[in-house]
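Residue numbers (our numbering): 1154 to 1423.
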């Protein structure tokens, strides 16, 4: 796959701490296999309490404590991270797409969006976001939907639904707990006639989003394995998950931090 750049003018983005981040990474760029990955860093200063890589195609989960901030780094660019949220003490209360969108009166997730539960209560708030908008209406891929859309030759490819089910089982949850989800870094435009599409992403290597927990929240993520549409540039790449305590001082060593400042190449996504 050849590298295509769609723009080269540096773009400046606000950060949660009030400063700015200058980026010369072209928006919507397509990167060849073997291109450097950009591991980034937390969007918010504080003591690092968790720093983990999510491999391509893999599920992940963690409890983010109230007041802590999770930064998700799109390491390879245009990599969709499907996401579910649950009250850590009562998983019956979980992320609700209709409650979130009805409260804000807008179809997109942007900086300032409060991610609400099925009880209407805040679970997390988007405090910083380096792309124009995030999706929460495109849903999650799965074996059944992939087979319907793309044919029986893909029926053995697992999707985000299978990732969610595997991770839910490790957390004592099940099929009934898999509900409508967020899609970090996925581009699902809503047309004037209400039609939806899954098109080339708006992200790029190293772009980030940060969400603050308003209560203790179980965050479950599927690093999307989809290779049949453009949501992952047909080449799934890693995500980096960083949780910080903004009230803490200093940052303990992290397993991913050693990669910062040096380029690494994407893993085999097969």
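Built from N, CA and C at the ideal position, the CB exists for glycine as well.
When the Cα atoms are used, what is the spatial distance from residue i to residue j?
i	j	result
residue 1107	residue 1376	The structure shown has nothing for residue 1107, since the chain only spans 1154 to 1423.
residue 1368	residue 1331	20 Å
residue 1397	residue 1353	31 Å
residue 1281	residue 1364	7 Å
residue 1184	residue 1321	Note that residue 1184 scores 41 on pLDDT, short of 50, meaning its location in the model is unreliable; the coordinates nonetheless yield the value given after this. Whole-angstrom Cα-Cα distance: 32 Å.
residue 1198	residue 1284	20 Å
residue 1361	residue 1196	7 Å
residue 1313	residue 1234	9 Å
residue 1328	residue 1317	9 Å
residue 1347	residue 1315	28 Å
For residue i, which residues from the same chain have a beta carbon less than 7 Å from its beta carbon, with the 5 sequence-adjacent residues on both sides left out?
i	result
residue 1191	1228, 1358 and 1359
residue 1277	1238, 1268, 1364, 1365, 1366, 1367 and 1370
residue 1343	1260 and 1349
residue 1326	1244
residue 1271	1246, 1247, 1249 and 1252
residue 1162	Note that residue 1162 scores a pLDDT of 33, beneath 50, so its modelled location is shaky; the value from the coordinates is reported in the next line. Cβ neighbours of residue 1162 beyond the five flanking positions: none.
Just to confirm, is the Cβ distance from residue i to residue j under 8 Å?
i	j	result
residue 1349	residue 1341	yes
residue 1394	residue 1237	no
residue 1255	residue 1290	no
residue 1401	residue 1200	yes
residue 1279	residue 1241	no
Can you list, in chain order, the residues of its chain with a C-beta nearer than 8 Å to that of residue i? Leave out the 5 residues immediately preceding and following it.
i	result
residue 1257	1266 and 1267
residue 1391	1190, 1206, 1207, 1208, 1209, 1228, 1229, 1232, 1376, 1419 and 1420
residue 1275	1267, 1268, 1269, 1367 and 1368
residue 1345	none
Going by beta carbon distance, what residues of the same chain come within less than 6 Å of residue i, once the five residues before and after it are set aside?
i	result
residue 1288	1336, 1339 and 1341
residue 1323	none
residue 1252	1269 and 1273
residue 1373	1214, 1237 and 1320
residue 1286	1261 and 1263
residue 1193	1226, 1359 and 1361
Examine the ligand NAP and report whether any of its heavy atoms sits within less than 7 Å of the Cβ of residue i.
i	result
residue 1282	Ligands displayed in this structure: none; no statement on the ligand NAP is therefore possible.
Item to check | Inter-stretch contact (C-beta, 8 Å, three-pair minimum) for the region 1206-1226 and the region 1245-1254 | outcome: Touching, no, given that fewer than three Cβ pairs across the two stretches are closer than 8 Å.
Checklist entry - For the region 1204-1262, which segments carrying the beta strand (DSSP E) assignment without a break, of at least 3 residues, lie completely within its bounds, in sequence order? => result You should have 1212-1217, 1222-1227, 1234-1240 and 1243-1247.
Item to check | Minimum length 3: unbroken beta strand (DSSP E) runs contained in the region 1325-1371 | outcome: Within the region 1325-1371, the complete beta strand (DSSP E) segments of 3 residues or longer fall at 1335-1337 and 1360-1366, listed in chain order.
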